[in-house]
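Asker: Dropping the structure in here first, questions after.
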Amino acid sequence: MRKLKYKILFLLLHTLVLTNLVHSQDIPLSLQRSTDSLLKATPKTCQEIDRLLGTFSNDTTALRYIEQKSLLSKYYLGQAYALNNLGSIYRDQSLYVKSLDLYQQALKASVEADNIEFRVYCLNMISTVHRRTDAFKSALDYSQDALELAETVANPNLGLKKSIIVSLNSIGSIYQMLEQYELAIEKYEKAMLLEKELDDKLGLAINHLNLGECYESQGKLEPGLKNFRKSLVYYELIDSSTGKIKANYNIAHVYVHQGKVKEAINILETNLLKAISLNDKKIITTIYINLGWANIRLEDYDAAETNLESGLALAEKYEFNIEIADANKFLSELWIKKDDYEKGMKYFKESKKYEERITNALNLRYVNDMILRYESQIRANQLERLAQENESVRLRLKKNKTMLIIIGISLILLIGILYILYRQSQLNADKKLLTLEQSMLRSQMNPHFLFNSLNSIKLYIINNEKKNAVHYLNKFSKLVRKILEASSQREITLAEELETVELYMNIENIRFSNEINFNVHIKDDIDPHNIKIPSLILQPFLENALWHGLSSKDGLKNIDLEVKKGKSGFIEIVITDNGVGRDAAEKIKDSKLLKRKSVGIDITKERLANFSRDYENFFHVDIIDKFDDNTNPIGTQIVIYIPTI
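In my numbering, the protein residues as written are 7 to 651.
And the structure:
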């Protein structure tokens, strides 16, 4: 009786707090209108709700308002949507206890609403939190429950298909953790089929990363590296900062195994700064530990100790048990190499203690039994389905032998349809390529550049500098002719591309009073006439360096373009400027009334992605901020990796 009274009192206080919170804050009119529209329409799918409220999905205050209003109106799907988004915000901040509580509340709301799509989504989110906190047994339970529930729907909608992908990936990741790599690869590839159907670039980026980890763990470094690079390409296309960091530190991990330790350290140090700016504790911890491991291989023991201790401190603070075990393992190796066996043994014992703790938390026998039970059930269902299909086919063939003819005709029609779809796919690809080429031409021949170039030449004429006017007019006409010629070709030689950008830099230099020192260096006996690249890909990067890096800089202004041989069949094109750096350029751009948007770089990346599909390797672009010894920015470096084999 007393418990019931307390419960009633709690509910009354909760309602009072919610009501006061709703009325005490200055809620934007746009949020009120969107929430009112939601409560009036009461949509039944996550996609429909997101269409109304997507702009508020990362705003905790707005989400709390939506949750409260939905609860008061007994619209439980709106409440579940808001709670799920709040849970994701706290999850990405590594606040797992708070995140798990919000997801559990969202699950209760989705059960109250009797909505399978939301229930599956909530189960998957709960599984994700358990997996991130190394509670693998619970993670597997929730993922399998989600997948089994989703598979009860004959024709799943878009949201449910996405949840099936999440479930498959979650189960695959647990198989991977159990070192059952073939089973993990099978789940990841099954998920990728759905991701390709939905054109889910983020999902493909994640699963190429997962496949790379499985292959690397099996000692298959080249397939692993290939998948990491594909993952990086997809993360580049969707411009995911966190994803690019993950792909890069996995590439660095393979490089350490391959003995390319200095290259690995360079990648890790660059991405550590990016990870710190994102404040993702899990990634920061992982990079510190990988840096320490790489430093040990380079015999830089002081740096190794600093990085491993930093990683260990973060891992212990946020209770990342796997990372704690790894950091202690590498510290043990470090101190043994430094002939301090007492410390080496101390860290070794700590490593083993946490490995045993992880094993106990995981309960391997239980998880493996679950896997065997789940896989056996799937196989049994498949066999039963096949048996039913075989019996049905046998009866149909017995009843009507002409079915064979119908099947034959159907096969011919299917082949015809597949051929038509294939041709349609080719036409769509050609259309997309043509659109990209047109966009690139517009980027190269934009009206501002043409007007300003002609205006600069006009000033020479007004000032009676005939020789300069004729000289630059000649260069301008050559540049226009080369751009128009190159735009009609899918590929040109590197030599032609370099000639075009030199003309472009000469024209642009007029507007900088010839202050820009532009130099081209070709190294490693590279013959630029024998290298094919997509036409007009370098100009957007040079334009970016000019107008964002150097236009606001005083004193000496340099741009160096270097062509050299890279690793694994790549040609590296390195563009280095001594400008003000990206952070300063961004601040300057924000302060201007007229902002200059560099759309050409995004178009160029997509064209490079299309170009590299014909090659074994995928292109990628690294942007490296340069700093002096006092961490002052001294320019930016762009490295474009062009596949050649």
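Just so it is clear, CB atoms sit at the ideal spot from N, CA and C, and this is done for glycine as well. Please read these numbers as outputs of a predicted model, since none were measured by experiment.
1) If I follow the unbroken beta strand (DSSP E) through Asn564, where does it start and stop?
2) For the beta strand (DSSP E) containing Gly641, name the first residue and the last one.
3) Short check: CB of Pro639 to CB of Ala590, under 8 angstroms?
4) Does the beta-carbon of Met351 have 16 or more other beta-carbons within 10 angstroms, so that it is buried, or is it exposed?
5) With DSSP run on the structure shown, which of helix, strand or coil describes Met7?
6) Following the continuous alpha helix (DSSP H) through Pro546, name the residue where it begins and the one where it ends.
7) At the level of alpha carbons, what is the spacing between Asn296 and Asn256?
8) Would you kindly work out how many angstroms separate the C-alpha atoms of Thr66 and Asn480, rounded to a whole number?
9) When the Cα atoms are used, what is the spatial distance from Lys704 to Ser574?
10) Under the rule that 16 or more other beta-carbon atoms within 10 Å means buried, what is Glu655, buried or exposed?
11) Among Ala281, Asp245 and Trp299, which one has its Cα closest to the Cα of Ile271?
12) Classify Phe518: buried if its beta carbon has 16 or more other beta carbons within 10 angstroms, exposed otherwise.
13) Kindly identify the DSSP beta-bridge partner or partners of His527.
14) Count the other CB atoms, across all protein chains shown, that sit within 10 Å of the CB of Gly249; report buried if there are 16 or more and exposed otherwise.
15) Sort out for me which residues DSSP pairs Pro540 with in a bridge.
16) Apply the 10 Å Cβ neighbour rule to Thr61 and answer buried if 16 or more other Cβ atoms are within range, or exposed otherwise.
17) Determine whether the beta carbon atoms of Glu154 and Cys52 lie at a separation below 8 angstroms.
18) Taking the alpha helix (DSSP H) that Thr582 falls in, what are its first and last residues?
19) By how many angstroms is the C-alpha of Ser133 removed from the C-alpha of Ser316?
20) Is Leu567 closer than 8 angstroms to Ile581 when the C-beta atoms are compared?
21) Given this structure, state the Cα-to-Cα distance separating Ala112 from Ser63, to the nearest angstrom.
22) Between which two residues does the alpha helix (DSSP H) containing Ile707 stretch?
23) Buried or exposed for Ile426, please, with buried defined as at least 16 other CB atoms from any protein chain shown within 10 angstroms of its CB.
24) With DSSP run on the structure shown, which of helix, strand or coil describes Ile532?
25) Given this structure, state the Cα-to-Cα distance separating Leu210 from Leu200, to the nearest angstrom.
26) For Tyr71, tell me which candidate among Leu106, Asn91 and Gln643 has the shortest Cα-Cα distance.
27) Is Phe518 helix, strand or coil by DSSP?
28) Compare the Cα-Cα distances from Thr48 to each of Leu83, Arg57 and Tyr127 and report the closest residue.
29) Quick one: what's got a C-beta closer than 8 angstroms to Asn525's C-beta in the same chain, skipping five residues either side?
30) If we ignore side chains and look at the alpha-carbon of each, how far apart do Tyr307 and Leu318 end up?
31) Helix, strand or coil: how does DSSP classify Phe482 here?
32) Thinking just about the alpha-carbon of each residue, which of Asp147, Glu356 and Leu44 is nearest to the one in Val126?
33) In angstroms with no decimal places, state the Cα-to-Cα distance between Ser36 and Lys571.
34) Buried or exposed for Gly178, going by 16 or more other Cβ atoms inside 10 Å?
35) Label Val103 either buried or exposed according to how many other C-beta atoms from any shown protein chain fall within 10 Å of its C-beta, with 16 as the threshold for buried.
Answerer: Reading from the atomic positions:
1) Lys563 to Lys571
2) Pro639 to Pro649
3) yes
4) exposed
5) Note on Met7: pLDDT 45, under 50, position unreliable in the model; no value is reported.
6) Gln545 to Asn550
7) 9 angstroms
8) 59 angstroms
9) Given that the chain is displayed from residue 7 to residue 651, the structure contains no residue 704 and the question cannot be resolved.
10) There is simply no residue 655 to check, as the chain begins at 7 and stops at 651 in what is shown.
11) Trp299
12) exposed
13) Glu568
14) buried
15) Glu497
16) exposed
17) no
18) Thr582 -> not in any alpha helix (DSSP H); beta strand (DSSP E) instead, spanning Phe576 to Asp583.
19) 29 angstroms
20) yes
21) 15 angstroms
22) Any question about residue 707 goes unanswered here, given that the chain covers just 7 to 651.
23) exposed
24) coil
25) 10 angstroms
26) Asn91
27) coil
28) Leu83
29) Asn564, Ile565, Asp566 and Leu567
30) 16 angstroms
31) helix
32) Asp147
33) 55 angstroms
34) buried
35) exposed
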